[in-house]
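Engineer: If you scroll down you'll find the structure; I have some questions about it.
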Amino acid sequence: MLEGMQAEETPAQIPAEKRGLLIVVSGASGVGKNTLCARLMQRIPMHFSVSWTTREKRPSEVDGQDYHFRTRDEFLAELEQGQGFLEHAEFVGNMYGTPRAPLERALDSGEHVLLDIEIEGAMQVAELAPEAVLIFIMPPSLTELRSRLLGRATESPDKIEKRLQRARRDIRLAQRFHYIVMNDNIDVAVSDLEAIVRTELLRAHRVSERELAHIVDS
């Protein structure tokens, strides 16, 4: 159970091995998180947590699928409710947040949940849900990151420079994560992500005593 969340069932009624796995993917803007997450979900079925944001929708994005696009007033109103978001952060003048209730319902039903969020949000999740698996996506270099941001052609040079300044700070926080995946080759990076998730699913604490007893008695 995530800290501060109320539900009909208590943690004692929902054994840890029955709850879904919470995977948090983060990294600098433009590092390729969206593409990696989409490719990962093609290999491992997961519930993708769709974040709220106040930034403008890009031409290729779909409201409710990539993000829930909201006005700043709508975002702040949800924030004032206190339990609306698991985490929230402001990045380059835009607000982002993870809706809490659907994420909790998915985990309790046994679904594995994938979050694609900013660094600040990932640190909040680490405090509220220590069982979460944190993965940092690393760019091969800042030069390559700059090239990717320019290639998107969605922002002004000033905004790109702000994102690069933020990226320098974010990379210094990478060692606070459980895993670091270098996105130099998309296929290799996706395979690395898949290996991490499958490894986490094999951890001993996710096997119930009933399953062990069944093997012993068989």
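Under my numbering, residues 1 to 218 are what the sequence shown spells out, in order.
In this text, a Cβ means the ideal position worked out from N, Cα and C, and glycines have one as well.
1. Check whether the Cβ atoms of V133 and E194 sit closer than 7 Å, and answer yes or no.
2. Whose C-beta lies closer than 7 Å to the C-beta of Q6 among residues of the same chain, with five residues either side of it excluded?
3. Where does G180 sit, in a helix, a strand or coil, going by DSSP?
4. Assign A101 to one of three DSSP states: helix, strand, or coil.
5. Please classify L150 as buried or exposed, where buried requires at least 16 neighbouring CB atoms within 10 angstroms.
6. Between which two residues does the alpha helix (DSSP H) containing I171 stretch?
7. Mapping the DSSP letters down to three states, classify A12 as helix, strand or coil.
8. What does the Cβ neighbour count give for S51, buried or exposed, with the cut at 16 atoms within 10 Å?
9. Please report the Cβ distance between R152 and G30, rounded to the nearest whole angstrom; I am assuming they are in contact, meaning their Cβ atoms lie under 8 Å.
10. For my contact list, H112 and L36 are in at a C-beta cut-off of 8 Å; report their separation, rounded to the angstrom.
11. Using only the alpha-carbon positions, how far apart do R148 and Y96 sit?
12. Taking the continuous alpha helix (DSSP H) assigned at L214, which residues delimit it?
13. Alpha carbon to alpha carbon, how far is L202 from I196? Give it in angstroms, no decimals.
14. Residue range of the alpha helix (DSSP H) that D63 falls in?
15. Consult DSSP for S147 and reduce its assignment to one of helix, strand or coil.
Structural biologist: Result, derived from the coordinates:
1. As a working note, residue 133 is residue 133 in the sequence shown. As a working note, residue 194 is residue 194 in the sequence shown. Not closer than 7 Å, so no.
2. Here residue 6 refers to the residue found at position 6 of the sequence shown. With a pLDDT of 42 at Q6, under the threshold of 50, the modelled position of this residue cannot be trusted, and the question is left open.
3. Taking the first residue of the sequence shown as 1, we reach residue 180 at position 180. Note that residue 180 corresponds to Ile in the displayed sequence, not to Gly. Note: I180 maps to strand in three-state DSSP.
4. Locating residue 101 in the sequence shown gives position 101, where the first residue counts as 1. In the structure shown, A101 sits in a helix (DSSP, three-state: H, G or I).
5. The residue given as residue 150 occupies position 150 in the sequence shown. Under this definition L150 is an exposed residue.
6. Locating residue 171 in the sequence shown gives position 171, counting from the first residue. Segment P157 to I171, the alpha helix (DSSP H) holding I171.
7. As a first step, residue 12 is located in the sequence shown; it is residue number 12 there, counting from the start. Low local confidence applies: a pLDDT of 41 at A12 is under 50, so the model's placement there is unreliable, with the coordinate-based value given in what follows. Looking at A12 - three-state DSSP - the assignment turns out to be coil, as it is neither helix nor strand.
8. Within the sequence shown, residue 51 is the residue found at index 51, counting from 1. Buried, by the Cβ-count rule.
9. Counting from one through the sequence shown, the residue named residue 152 turns up at place 152. Counting from one through the sequence shown, the residue named residue 30 turns up at place 30. With 8 Å as the limit, R152 and G30 qualify as a contact, their Cβ atoms being about 7 Å apart.
10. Numbered from its first residue, the sequence shown carries residue 112 at position 112. Numbered from its first residue, the sequence shown carries residue 36 at position 36. That belief does not hold up - the Cβ atoms of H112 and L36 are roughly 16 Å apart, past 8 Å.
11. Position 148 of the sequence shown, counted from the start, is the residue given in the question as residue 148. Position 96 of the sequence shown, counted from the start, is the residue given in the question as residue 96. Cα-Cα distance, rounded: 22 Å.
12. Counting from 1 along the sequence shown, the entry for residue 214 is found at position 214. A small fix is needed here, since residue 214 is His in this sequence, not Leu. Counting along the chain, the alpha helix (DSSP H) containing H214 begins and ends at E209 to D217.
13. Position 196 of the sequence shown, counting from 1, holds the residue named residue 196. Position 202 of the sequence shown, counting from 1, holds the residue named residue 202. Per the coordinates, the alpha-carbon of I196 lies some 10 Å from the alpha-carbon of L202.
14. Within the sequence shown, residue 63 is the residue found at index 63, counting from 1. Neither: D63 is in no alpha helix (DSSP H) and is coded neither H nor E.
15. Residue 147 sits at position 147 when you count from the first residue of the sequence shown. In the structure shown, S147 sits in a helix (DSSP, three-state: H, G or I).
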